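Asks: Start counting the sequence shown at 1; every next residue gets the next number (full-length UniProt numbering).
Glycine residues also receive a C-beta, built at the ideal position from the N, C-alpha and C atoms.
Nothing here was measured: the structure is a model prediction, and the numbers come from that model.
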Amino acid sequence: MTEELSALSDDSLKGCIEALLLVSVDPLPATTVSRILGITPGEAVSALADLSAEYQDANRGFQLRQVAGGWRLATHPAYHDQVEALVASWDTRKLSQAALETLAVIAYHQPVSREGIRAVRGVNSDGVVASLMDKGLVREAGRERDRGHAVLYGTTQAFLERFGLASIKGLPPLEDFAPDEASRQFILERLSGRPAMVPLDDEDELEDAEKDEPSESLFSALLDPEDQEDDDE
1 MTEELSALSD
11 DSLKGCIEAL
21 LLVSVDPLPA
31 TTVSRILGIT
41 PGEAVSALAD
51 LSAEYQDANR
61 GFQLRQVAGG
71 WRLATHPAYH
81 DQVEALVASW
91 DTRKLSQAAL
101 ETLAVIAYHQ
111 PVSREGIRAV
121 RGVNSDGVVA
131 SLMDKGLVRE
141 AGRERDRGHA
151 VLYGTTQAFL
161 ERFGLASIKG
171 LPPLEDFAPD
181 EASRQFILER
191 LSGRPAMVPL
201 DDEDELEDAE
211 KDEPSESLFS
221 ALLDPEDQED
231 DDE
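Here you go:
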């Protein structure tokens with residue numbers, strides 16, 4: 001054990017291990033704990049086992065389990081129903097029709113500028129893009145080399161995680177992604193470079209349609225209904 005850690009009490013040592021567990025994405029091996037804290041592998045295993053027993057005895061809302069060659073914090077099975085209710089509330093949150101369409105354009109045409117998004121959708125989407133950035137689904141991905149160095153937008157790691165994708169290459173066919181058939185056809189025509197008409201008679205009808213309830217699609221489980229955008233600003 002290092003000189004610094006040798007002076008720590010058992011509780012302080014366990015506190016260090018808890019901090020490592022909280023920031024570790026993968027199961028935390030005892031050997032990693034040993035290396036980082038400068039203790040022997042046996043001491044690391046003993047401290048982890050003691051923590052696990054303490055959590056169990058105290059009937060905490062979480063447990064420390066051995067998983068895939070390491071240790072990981074997990075919710076206690078006794079509170080499964082409550083956790084499930086919370087997760088279910090996430091799954092019912094929705095994006096507006098305007099946000100769904102804008103996110104589809106960015107996902108399939110990234111990196112793309114706001115002007116590029118406007119060219120596809122036919123309306124100003126600056127407000128929707130800003131909202132998607134606030135929600136962590138869209139990011140600034142660079143700037144164009146010409147035409148005023150416009151900001152280019154792309155999707156984020158959080159976007160991939162939300163939709164269970166390993167990479168952008170794993171995007172499903174557009175028909176599974178676009179909020180409706182009219183949007184799918186419109187986006188396909190725009191991205192292929194063919195002329196396309198806005199799939200509604202005029203801009204007022206387009207704005208009215210974007211206020212409708214979102215359709216069930218790949219995007220149908222994101223944000224609370226009251227958090228939906230009401231317009232395209």
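Using the DSSP secondary-structure output, state which residues sit across from F163 in a beta bridge.
Replies: For F163, which the question treats as bridged, DSSP gives no partner whatsoever.
Asks: Let's test the definition: count the other Cβ atoms within 10 Å of the Cβ of S113 and tell me whether it reaches 16, buried, or not, exposed.
Replies: buried
Asks: Output needed for V45: all residues of its chain with C-beta closer than 8 Å, excluding positions within five of it in sequence on either side, in chain order.
Replies: A30
Asks: Taking just the CA atoms, how far does A99 sit from K135?
Replies: Just so you know, the alpha carbons of K135 and A99 end up roughly 11 Å apart.
Asks: Taking only runs that begin and end inside the region 10-94, name each unbroken beta strand (DSSP E) of 3 or more residues, in chain order.
Replies: 62-67, 70-75
Asks: Can you tell me where the alpha helix (DSSP H) with E144 in it begins and where it stops?
Replies: Where E144 is concerned, there is no enclosing alpha helix (DSSP H), given that its DSSP letter is neither H nor E.
Asks: For R35, verify whether its CB is less than 8 Å away from any heavy atom of the ligand GDP.
Replies: The model on display carries no ligand, and the ligand GDP is accordingly not part of it.
Asks: In the DSSP assignment, what are the bridge partners of G154?
Replies: R139
Asks: Taking the CB atoms as reference points, tell me whether L103 and T40 lie closer together than 9 Å.
Replies: no
Asks: Would you mind reading off the limits of the alpha helix (DSSP H) that contains L100?
Replies: 97-109
Asks: In terms of alpha-carbon separation, which member of L13, A166, A68, V67 lies closest to D50?
Replies: L13
Asks: Is S113 helix, strand or coil by DSSP?
Replies: strand
Asks: Suppose you measure from the CA of N124 to the CA of L171; what does that come to, to the nearest Å?
Replies: 25 Å
Asks: Enumerate in chain order the residues of its own chain whose CB-to-CB distance from Y55 is below 8 Å, with the five nearest sequence positions on each side excluded.
Replies: F62, Q63, L64
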